[in-house]
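Chains as they are written, first to last, in this note's numbering: chain B, -19 to 119; chain U, -19 to 119. Backbone N, C-alpha and C fix where the C-beta goes; we use that ideal spot for every residue, glycine too. All values derive from a computational prediction rather than experimental measurement.
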DNA sequence: TAGCAATTGAGACTGAATCGCAATTTGACA
DNA sequence: TGTCAAATTGCGATTCAGTCTCAATTGCTA
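Structure (structure tokens):
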């Protein structure tokens, strides 16, 4: 389970397993579903932990690197905008060179609508980003 | 084109078409592709405009409401995390109450893979977020 | 158990975005 | 065309999430 993985990760990177990191991981293992760093910090505080906000923020990237956490939705900060046109599209983003491929698939849109219907969800807009490697970078 | 739409929108809302709003819209109509509010503000400054940053930030929501702009992807500033599990899922996010519905569709995944293949894109992970209203909030 | 690199907490700092408010501008109406 | 309330502006202060600095502390290896 998570703890051994993290310990291994730290070891191979020459990093240390401090009690702060341990507390943070424990708390994360206890929580179910999404969380954000600040809430996590408050939770720890309330339980009497002495870990600092900085440590929480510093530990999260390590947990991601070690494969225990993943990043989910992003908060709407530092927004980008675009003029509305009739060509909605989604994005494939190369994590190596940053290339952005715009694509559009009516089938995909239809399928999404069906899924929303099933969940009784009234969809307004969506954002699909596929991360990976573009043709050039994938070799 | 955009200007008339915006004027109409302002009129029906009892809002005023100020020269600042006009300048901002003009600049947006000139720019191609994505932009962010701060860059837009700098652009205007450089052209000798006197509009304030606040006005730029205040005008953008109006342009969105009037259907001229849309918000596109957000830059990597993550606020939410999740433990990695073997059940990948996507999200429907209610923009009213914040509820998050997790869902998974193998068809969707397959379709995405096909699209990537077509673009010669090696997909690693993806993030699909559908924004709208949940059952409760949609009435 | 000594030594030193890694880590910590506190608080200053950052950058995007928002807010409060006095001064200014708009536009409907006379 | 002038008046005037309501809307809007710019400024600077503020918020908010997240990052950084640095002296003090701690984990780990020998």
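Please classify residue i: does DSSP put it in a helix, a strand, or coil?
{"i": "residue 70 of chain U", "result": "strand"}
{"i": "residue 56 of chain U", "result": "Residue confidence for residue 56 of chain U is low, a pLDDT of 37 falling below 50, so the modelled location carries little weight; the figure read from the coordinates is stated next. If DSSP states are grouped into helix, strand and coil, residue 56 of chain U belongs with coil."}
{"i": "residue -6 of chain U", "result": "coil"}
{"i": "residue 12 of chain U", "result": "coil"}
{"i": "residue 47 of chain U", "result": "coil"}
{"i": "residue -11 of chain B", "result": "helix"}
{"i": "residue 25 of chain B", "result": "helix"}
{"i": "residue 116 of chain U", "result": "coil"}
{"i": "residue 36 of chain U", "result": "helix"}
{"i": "residue 99 of chain U", "result": "coil"}
{"i": "residue 19 of chain U", "result": "helix"}
Which residues of chain B have a Cβ atom closer than 9 Å to the Cβ of residue i, listed in chain order?
{"i": "residue 113 of chain U", "result": "101, 102, 103, 104"}
Can you pull the chain U neighbours of residue i, defined as C-beta to C-beta under 8 Å?
{"i": "residue 91 of chain B", "result": "85, 87, 88, 91"}
{"i": "residue 81 of chain B", "result": "99, 101"}
{"i": "residue 42 of chain B", "result": "Result: empty, since nearest Cβ-Cβ is about 12 Å, beyond 8 Å."}
Going along chain B, which residues have a C-beta under 7 Å from residue i?
{"i": "residue -15 of chain U", "result": "Residues of chain B passing the Cβ test: none, with the nearest at roughly 10 Å."}
{"i": "residue 24 of chain U", "result": "Within 7 Å Cβ-Cβ: nothing; residue 24 of chain U doesn't reach chain B, min ~15 Å."}
Do residue j and residue i come within 7 Å of each other at the CB atom, strictly closer than that value?
{"i": "residue 109 of chain U", "j": "residue 73 of chain U", "result": "yes"}
{"i": "residue 69 of chain B", "j": "residue 82 of chain B", "result": "yes"}
{"i": "residue 17 of chain B", "j": "residue 48 of chain B", "result": "no"}
{"i": "residue 33 of chain U", "j": "residue 21 of chain U", "result": "yes"}
{"i": "residue 101 of chain B", "j": "residue 114 of chain U", "result": "yes"}
{"i": "residue 85 of chain U", "j": "residue 97 of chain B", "result": "no"}
{"i": "residue -3 of chain U", "j": "residue -13 of chain U", "result": "yes"}
{"i": "residue 24 of chain B", "j": "residue 31 of chain B", "result": "yes"}
Less than 6 Å separating the Cβ of residue i from some heavy atom of the ligand COA?
{"i": "residue 42 of chain U", "result": "The ligand COA is not part of the structure shown, which contains no ligands of any sort."}
In chain U, what lies closer than 7 Å to residue i by C-beta?
{"i": "residue 6 of chain B", "result": "None at all; the shortest Cβ gap to chain U is about 12 Å."}
Give me the Cβ distance between residue i and residue j, rounded to the nearest whole Å; I'm assuming they're in contact under 8 Å.
{"i": "residue -11 of chain B", "j": "residue 46 of chain B", "result": "4 Å"}
{"i": "residue 91 of chain B", "j": "residue 9 of chain U", "result": "With 8 Å as the limit, residue 91 of chain B and residue 9 of chain U do not qualify as a contact, their Cβ atoms being about 34 Å apart."}
{"i": "residue 14 of chain B", "j": "residue -15 of chain U", "result": "The Cβ separation is near 38 Å, so there is no contact."}
Please list, in chain order, the chain B residues whose beta carbon lies closer than 8 Å to that of residue i.
{"i": "residue -10 of chain U", "result": "Per Cβ cutoff of 8 Å: no residues; residue -10 of chain U is ~17 Å from chain B at best."}
{"i": "residue -3 of chain U", "result": "Result: empty, since nearest Cβ-Cβ is about 19 Å, beyond 8 Å."}
{"i": "residue 10 of chain U", "result": "Simply none; closest approach about 10 Å."}
| query | So does the segment 0 to 19 of chain U actually touch the segment 101 to 118 of chain B, counting three or more Cβ pairs closer than 8 Å? | reply | Judged by Cβ distances under 8 Å, the segment 0 to 19 of chain U makes no contact with the segment 101 to 118 of chain B, as fewer than three pairs qualify.
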